[in-house]
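Visitor: FYI, the UniProt record's numbering numbers position 216 of the sequence shown as 216, with every residue one higher than the one before it. In this text, a Cβ means the ideal position worked out from N, Cα and C, and glycines have one as well. Once you've had a glance at the structure underneath, I'll fire off some questions.
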Amino acid sequence: MELRIVVAATREGGIGRAGQLPWRIPGDMRYFRDLTMRPPPASDGAHLPVRNAVIMGRKTWESIPPRFRPLPDRLNVVLSRSTTLPSDITAGNPLVRVAPSLTAALDYLATLPTPAAPTASSPDRPLALGHVYVIGGGQVYAETLLHPACRKVFLTWVDELADKTAEQPPYDTFFGPMPDHFEIQSHRRLEEVVGASVPQGVQRDEKGSPVEYKFLLFESNPA
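See below:
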């Protein structure tokens, strides 16, 4: 099972402020949605519905507006050791699972059939597993980066103050540093892995917006 990280971060690694994203970037939100929802190419003809998994910490889950959670058409796996969980996590939705640790989450995902497996649906195995994405927060990212199954990092590099006219805002949650065995890939390779066209180069969603961003791919290249 391959682990994939999806993260938007500044050059300094800033990813969060007061439990929320420090920015709102519609283009990156569309990229995140399309990336995490697109099933593997081998999903055609699958015997069960194929869904990608998104693994997140409890704080990341709570940072998602209630009307948008669980993230639709994906298996939401929430990491929490707490015995008192919000009702929207424990409501019995087959696309929401709780695990006490990243290891436990991966153990559960390993029990799910692959898209080509001729397996009937059951309450514990309602779908076939596609890609596995880790989407936050900082501690979960840190653990995943060191996991041997982590092979790809989809990084949206964000320059929140591209005009350089204001003071850099503070961050309290960070991503990285990236281990040395991860290497940046070409844009062609990014599109090959994504399986679709990806905007190239520095992007701005609106003319005059101070926020610039760029889509990058890092892949593990173990020595």
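#1: Using DSSP with H/G/I as helix, E/B as strand and the rest coil, what is GLU143?
#2: Does DSSP put GLY19 in a helix, a strand or coil?
#3: What residues in its chain sit with their C-beta under 6 Å from that of GLU212, if we drop five residues either side in the sequence?
#4: Please report the distance separating the alpha-carbon of PRO66 from that of GLU192.
#5: Name the one or two DSSP bridge partners that residue 234 has.
#6: Keeping to the same chain, check which residues put their C-beta closer than 6 Å to that of ARG97; ignore five residues upstream and five downstream.
#7: To the nearest whole angstrom, what separates the beta carbons of THR36 and VAL7, a pair I think is in contact under 8 Å?
#8: Which residue's Cα is closest to the Cα of PRO72: ARG58, PRO94, SER80 and SER63?
#9: Quick one: Cα of VAL50 to Cα of MET1, how far?
#10: Taking its Cβ as the centre, do 16 or more other Cβ atoms sit within 10 Å of ILE15, making it buried, or is it exposed?
#11: For ALA110, collect the residues of the same chain with a Cβ closer than 7 Å to its Cβ; drop the 5 residues on either side in sequence, then sort them by chain order.
#12: Going by beta carbon distance, what residues of the same chain come within less than 6 Å of LEU75, once the five residues before and after it are set aside?
Guide: Taking the definition as stated:
#1: If DSSP states are grouped into helix, strand and coil, GLU143 belongs with the helices.
#2: Coil at GLY19, not helix or strand.
#3: For GLU212, where only same-chain residues beyond five positions count, the Cβ hits under 6 Å are ASP159, ALA162, VAL202 and ARG204.
#4: Cα to Cα, PRO66 sits roughly 34 Å from GLU192.
#5: Coverage of the chain is limited to positions 1 through 223, which leaves residue 234 absent and any answer about it impossible.
#6: The answer, listed in chain order, is VAL77.
#7: Actually they are not in contact, since the Cβ atoms of THR36 and VAL7 sit about 12 Å apart, beyond 8 Å.
#8: Nearest to PRO72 by C-alpha distance, out of ARG58, PRO94, SER80 and SER63, is PRO94.
#9: Distance between the alpha carbons of VAL50 and MET1 is about 15 Å.
#10: Under a 10 Å Cβ-count criterion, ILE15 is classified as buried, with 16 or more other Cβ atoms of the shown protein chains found around its own Cβ.
#11: Result list for ALA110: MET1, in chain order.
#12: Same-chain partners within the cutoff: ARG51, ALA53 and LEU95.
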